[in-house]
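Inspection log for the structure reproduced underneath, given as structure tokens.
2 protein chains.
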Amino acid sequence: MELDERKKKILYAIIQNYLETGEPVGSRTISKYTDLNLSSATIRNEMSDLEELGYIIQPHTSAGRIPSDKGYRFYVDTMLTEKEREVEELKGLLLEKDEKMDTLLKRVARVLATNTNYAAMISSPQYHRNKLKFIQLSRIDARQLLAVIVVEGNVIKNSVINVEDALDDETILKLNILLNTHLNGLTMEEINLGMISAMKQQAGIHSEVIADVIDAVAEAIKADEDLEIYTSGANNIFRYPELTDNKERASELITTFEEKQMLGELVQETLADENNTGIQVYIGDEAPVEGMKDCSVVTATYELGEGMKGTIGIIGPKRMDYEKVVATLKTLMNQLDTLYKK
Amino acid sequence: MELDERKKKILYAIIQNYLETGEPVGSRTISKYTDLNLSSATIRNEMSDLEELGYIIQPHTSAGRIPSDKGYRFYVDTMLTEKEREVEELKGLLLEKDEKMDTLLKRVARVLATNTNYAAMISSPQYHRNKLKFIQLSRIDARQLLAVIVVEGNVIKNSVINVEDALDDETILKLNILLNTHLNGLTMEEINLGMISAMKQQAGIHSEVIADVIDAVAEAIKADEDLEIYTSGANNIFRYPELTDNKERASELITTFEEKQMLGELVQETLADENNTGIQVYIGDEAPVEGMKDCSVVTATYELGEGMKGTIGIIGPKRMDYEKVVATLKTLMNQLDTLYKK
DNA sequence: TATTAGCACTCAATCTATTGGAGTGCTAAC
DNA sequence: GTTAGCACTCCAATAGATTGAGTGCTAATA
Numbered sequence: 001m002e003l004d005e006r007k008k009k010i011l012y013a014i015i016q017n018y019l020e021t022g023e024p025v026g027s028r029t030i031s032k033y034t035d036l037n038l039s040s041a042t043i044r045n046e047m048s049d050l051e052e053l054g055y056i057i058q059p060h061t062s063a064g065r066i067p068s069d070k071g072y073r074f075y076v077d078t079m080l081t082e083k084e085r086e087v088e089e090l091k092g093l094l095l096e097k098d099e100k101m102d103t104l105l106k107r108v109a110r111v112l113a114t115n116t117n118y119a120a121m122i123s124s125p126q127y128h129r130n131k132l133k134f135i136q137l138s139r140i141d142a143r144q145l146l147a148v149i150v151v152e153g154n155v156i157k158n159s160v161i162n163v164e165d166a167l168d169d170e171t172i173l174k175l176n177i178l179l180n181t182h183l184n185g186l187t188m189e190e191i192n193l194g195m196i197s198a199m200k201q202q203a204g205i206h207s208e209v210i211a212d213v214i215d216a217v218a219e220a221i222k223a224d225e226d227l228e229i230y231t232s233g234a235n236n237i238f239r240y241p242e243l244t245d246n247k248e249r250a251s252e253l254i255t256t257f258e259e260k261q262m263l264g265e266l267v268q269e270t271l272a273d274e275n276n277t278g279i280q281v282y283i284g285d286e287a288p289v290e291g292m293k294d295c296s297v298v299t300a301t302y303e304l305g306e307g308m309k310g311t312i313g314i315i316g317p318k319r320m321d322y323e324k325v326v327a328t329l330k331t332l333m334n335q336l337d338t339l340y341k342k
Numbered sequence: 343m344e345l346d347e348r349k350k351k352i353l354y355a356i357i358q359n360y361l362e363t364g365e366p367v368g369s370r371t372i373s374k375y376t377d378l379n380l381s382s383a384t385i386r387n388e389m390s391d392l393e394e395l396g397y398i399i400q401p402h403t404s405a406g407r408i409p410s411d412k413g414y415r416f417y418v419d420t421m422l423t424e425k426e427r428e429v430e431e432l433k434g435l436l437l438e439k440d441e442k443m444d445t446l447l448k449r450v451a452r453v454l455a456t457n458t459n460y461a462a463m464i465s466s467p468q469y470h471r472n473k474l475k476f477i478q479l480s481r482i483d484a485r486q487l488l489a490v491i492v493v494e495g496n497v498i499k500n501s502v503i504n505v506e507d508a509l510d511d512e513t514i515l516k517l518n519i520l521l522n523t524h525l526n527g528l529t530m531e532e533i534n535l536g537m538i539s540a541m542k543q544q545a546g547i548h549s550e551v552i553a554d555v556i557d558a559v560a561e562a563i564k565a566d567e568d569l570e571i572y573t574s575g576a577n578n579i580f581r582y583p584e585l586t587d588n589k590e591r592a593s594e595l596i597t598t599f600e601e602k603q604m605l606g607e608l609v610q611e612t613l614a615d616e617n618n619t620g621i622q623v624y625i626g627d628e629a630p631v632e633g634m635k636d637c638s639v640v641t642a643t644y645e646l647g648e649g650m651k652g653t654i655g656i657i658g659p660k661r662m663d664y665e666k667v668v669a670t671l672k673t674l675m676n677q678l679d680t681l682y683k684k
């Protein structure tokens with residue numbers, strides 16, 4: 001048995017109705033709502049077929065039908081290809097270039113959450129492909145050095161290095177030159193261990209101290225450790241009884257938002273997806289995050305200049321307003337894009 | 343009518359029983375549990391008095407009694423003065439000096455939450471009294487300067503400054519000297535506007551550019567904006583039906599944990615309390631945070647070296663195990679103290 | 001005078017029918 | 001292939017009935 005055109009229409013109508021009401025939908029409703037001009041009995045037959053095909057589910061005998069994950073998948077796929085709802089206005093978002101990265105991201109998360117009434121997350125941009133722009137060691141103390149590393153896009157990292165023997169100004173100057181000549185202009189990936197050991201050799205005399213220093217610098221350079229994730233609107237899950245009626249589940253969800261590492265997987269997966277059409281939808285089990293089996297997740301990859309990629313995600317119930325969410329995300333991406341071009 | 347010794351004993355017993363069970367406690371229970379050897383009828387009379395005095399409440403006729411906020415207050419006060427439960431072990435906390443501040447604080451929050459089964463928060467230490475240790479401007483680009491500010495205790499702040507006209511190395515050197523001679527060794531509070539304008543004057547020639555630079559430095563120095571607050575265990579509220587049965591309230595609480603600014607007030611209030619015995623208990627309305635009317639909050643001020651003060655808080659239901667929480671907090675403070683002394 | 005036993009009363013919580021209605025599946029007719 | 005009709009199912013809501021923990025009051029007791 002295949003999905004003919006009529007079945008598709010009916011399935012679409014069922015899901016749309018369910019998204020609106022959150023209640024199981026019966027044959028009579030569809031018979032009246034759609035312009036198919038079919039009696040409820042006919043719809044019933046078709047629904048029976050759709051259930052057999054796995055697109056819809058009956059919570060119990062004598063109840064209407066609700067979409068299965070497969071059904072949602074059908075809906076999302078056809079929706080994304082066929083419809084192109086004009087982009088909505090994003091309320092309350094004013095982006096300014098000078099804003100600091102973290103406050104900007106926090107604000108974006110909040111605006112997304114309040115505009116959609118779902119939970120929102122946003123990851124700080126990863127800058128793997130970016131070039132090292134500036135390295136500097138300074139002495140702040142007899143026994144302490146400060147390493148400042150600046151990457152293109154003005155991402156800055158600091159690291160305090162404890163040294164056993166005091167270094168004189170000249171040594172520090174030499175080290176600075178050594179570091180900059182070797183490393184400047186390189187991307188994170190181009191810096192390898194061989195290079196570092198070569199530098200250690202060149203540094204020669206103070207090898208003990210210098211090894212420490214270079215190690216610390218290498219440590220500071222490692223990018224992946226500062227994948228920051230900001231969330232907002234976790235409280236929105238309380239709007240959807242199917243997510244909060246079971247307290248275990250609710251607690252699990254809240255934990256996921258609070259202990260953000262788990263969301264990290266979502267970020268990785270979204271970024272990894274190469275044939276990236278921009279927006280991805282995970283329904284139920286499809287999401288790579290434990291404890292989101294009852295949710296749907298819509299993610300998007302944003303870009304703030306070359307190589308500065310991050311992930312945005314909206315987490316809500318399966319019956320979320322996919323159209324609106326997708327439209328909202330698209331608006332946002334546009335805004336972030338213009339922001340960078342300014 | 344006053345609280346005689348017997349009434350106190352009964353009240354104490356009622357509250358303790360309620361803390362254990364979470365159920366309204368009746369006269370018969372008290373009659374059996376305590377060693378007062380009084381019949382339930384007598385207890386009833388006493389309870390009637392206690393209710394009149396406002397220490398306990400009857401949720402409805404023919405129900406047992408539960409403590410009022412005033413009752414809790416009595417309990418906490420007598421408990422804190424009389425009992426000194428030996429300090430419990432804190433499971434899973436290994437503090438190391440070299441750990442970065444933010445990961446340290448996150449871990450402390452998590453350990454507190456898992457040890458107590460309540461929600462925990464911890465604020466980054468405020469360093470008002472700390473001295474400026476090191477300031478440096480560097481050029482990272484024709485049009486961009488990087489300001490690095492280090493404060494005693496190795497708190498580091500960066501700020502990228504855009505300048506219209508390129509500065510030559512000499513100017514930057516001069517600026518560095520100017521900044522360091524004027525500001526080094528000063529506390530945040532000792533730096534005032536008069537001083538800054540004096541510096542602007544001295545800088546003289548490049549006044550336009552220099553004004554920008556000094557403004558940016560002043561901006562970066564402002565301490566209050568980086569009051570970071572870390573939370574953990576928000577999900578624990580689901581353990582206590584009285585906090586989550588009403589979804590509105592639950593949602594409000596979760597929001598408070600997620601949007602951490604509100605917790606900031608708690609931090610301010612705790613730090614402000616001068617006659618600080620170390621640990622404070624807020625019951626219901628007493629807490630300065632909206633949306634915690636059904637909660638109790640236990641806060642403590644920790645100190646990591648002179649002037650580096652921060653706030654720890656445990657948020658749970660009113661019927662929390664105050665003794666355990668207080669003991670746990672005390673252990674923690676000890677550990678933080680030893681950590682600093684190392 | 002303080003304490004207690006005894007009893008009537010109250011009220012939330014729990015259980016048990018009972019009912020109404022939304023919805024289905026099936027069959028027979030169109 | 002479509003539809004009307006009907007018996008059937010099952011949830012959800014409602015209304016009693018029942019239970020039990022707990023109270024307040026009174027009268028007896030130490």
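If you read the protein sequences in the order shown, they are chains V and Y.
When the letters of the first sequence are read in order and numbered with the numbering used here, they come out as residues 1 to 342.
When the letters of the second sequence are read in order and numbered with the numbering used here, they come out as residues 343 to 684.
Just so it is clear, CB atoms sit at the ideal spot from N, CA and C, and this is done for glycine as well.
Helix or strand or just coil, what does DSSP make of residue i?
| i | result |
| --- | --- |
| methionine 333 (chain V) | helix |
| valine 87 (chain V) | coil |
| serine 465 (chain Y) | strand |
| valine 160 (chain V) | strand |
| lysine 293 (chain V) | coil |
| alanine 250 (chain V) | helix |
| lysine 442 (chain Y) | coil |
| tyrosine 375 (chain Y) | helix |
| tyrosine 230 (chain V) | strand |
| alanine 489 (chain Y) | strand |
| leucine 3 (chain V) | coil |
| alanine 614 (chain Y) | helix |
| alanine 113 (chain V) | helix |
| leucine 435 (chain Y) | coil |
| arginine 661 (chain Y) | coil |
| leucine 186 (chain V) | coil |
Tell me, please, whether the CB atom of residue i is closer than 8 Å to any CB atom in chain V?
| i | result |
| --- | --- |
| aspartate 566 (chain Y) | Low confidence applies to aspartate 566 (chain Y): its pLDDT is 48, below 50, so where it sits in the model is not reliable, and the reading given next is rough at best. Judged by the 8 Å Cβ criterion, aspartate 566 (chain Y) is not in contact with chain V. |
| tyrosine 682 (chain Y) | no |
What's the C-alpha gap between residue i and residue j?
| i | j | result |
| --- | --- | --- |
| glycine 272 (chain V) | lysine 324 (chain V) | It should be pointed out that residue 272 (chain V) corresponds to alanine in this sequence rather than to glycine. Distance between the alpha carbons of alanine 272 (chain V) and lysine 324 (chain V): 25 Å. |
| glutamate 611 (chain Y) | serine 390 (chain Y) | 37 Å |
| leucine 93 (chain V) | asparagine 117 (chain V) | 15 Å |
| tyrosine 360 (chain Y) | leucine 353 (chain Y) | 11 Å |
| glycine 22 (chain V) | proline 401 (chain Y) | 36 Å |
| serine 410 (chain Y) | tyrosine 397 (chain Y) | 5 Å |
For residue i, which option in the options has the closest C-alpha, if you only look at C-alpha atoms?
| i | options | result |
| --- | --- | --- |
| proline 583 (chain Y) | V:Asn246, V:Glu303, V:Ile177, V:Arg239 | V:Asn246 |
| glycine 26 (chain V) | V:Arg249, V:Phe134, V:Ile66, V:Glu248 | V:Ile66 |
| threonine 171 (chain V) | V:Met195, V:Gln202, V:Gly194, V:Leu183 | V:Gln202 |
| arginine 73 (chain V) | V:Pro288, V:Pro125, V:Val281 | V:Val281 |
| glycine 64 (chain V) | V:Lys7, V:Lys330, V:Ile14 | V:Ile14 |
| aspartate 102 (chain V) | V:Leu90, V:Asn115, V:Met121 | V:Met121 |
Along chain V, which residues have their Cβ under 7 Å away from the Cβ of residue i?
| i | result |
| --- | --- |
| leucine 447 (chain Y) | Within 7 Å Cβ-Cβ: nothing; leucine 447 (chain Y) doesn't reach chain V, min ~14 Å. |
| glutamate 689 (chain Y) | There is simply no residue 689 (chain Y) to check, as chain Y begins at 343 and stops at 684 in what is shown. |
Between residue i and chain Y, is the shortest Cβ-Cβ distance under 8 Å, so that the two count as touching?
| i | result |
| --- | --- |
| glutamine 136 (chain V) | yes |
| glutamate 46 (chain V) | no |
| asparagine 176 (chain V) | no |
| asparagine 115 (chain V) | no |
| threonine 231 (chain V) | yes |
| isoleucine 358 (chain V) | Within the shown structure, residues of chain V are numbered from 1 to 342, placing residue 358 (chain V) beyond reach of any answer. |
| glutamate 258 (chain V) | yes |
| serine 251 (chain V) | yes |
Residues of chain V with CB closer than 9 Å to the CB of residue i, please, in chain order.
| i | result |
| --- | --- |
| leucine 488 (chain Y) | Phe134, Gln136, Val148, Val150, Asn154, Ile156 |
Please list, in chain order, the chain Y residues whose beta carbon lies closer than 8 Å to that of residue i.
| i | result |
| --- | --- |
| lysine 247 (chain V) | Phe580, Thr586 |
Residues of chain Y with CB under 7 Å from residue i, in chain order?
| i | result |
| --- | --- |
| threonine 255 (chain V) | Asn577 |
| serine 68 (chain V) | Per Cβ cutoff of 7 Å: no residues; serine 68 (chain V) is ~27 Å from chain Y at best. |
Since residue i meets chain V, which of its residues come closer than 8 Å, beta carbon to beta carbon?
| i | result |
| --- | --- |
| alanine 508 (chain Y) | Chain V residues near alanine 508 (chain Y): none, gap ~16 Å exceeds 8 Å. |
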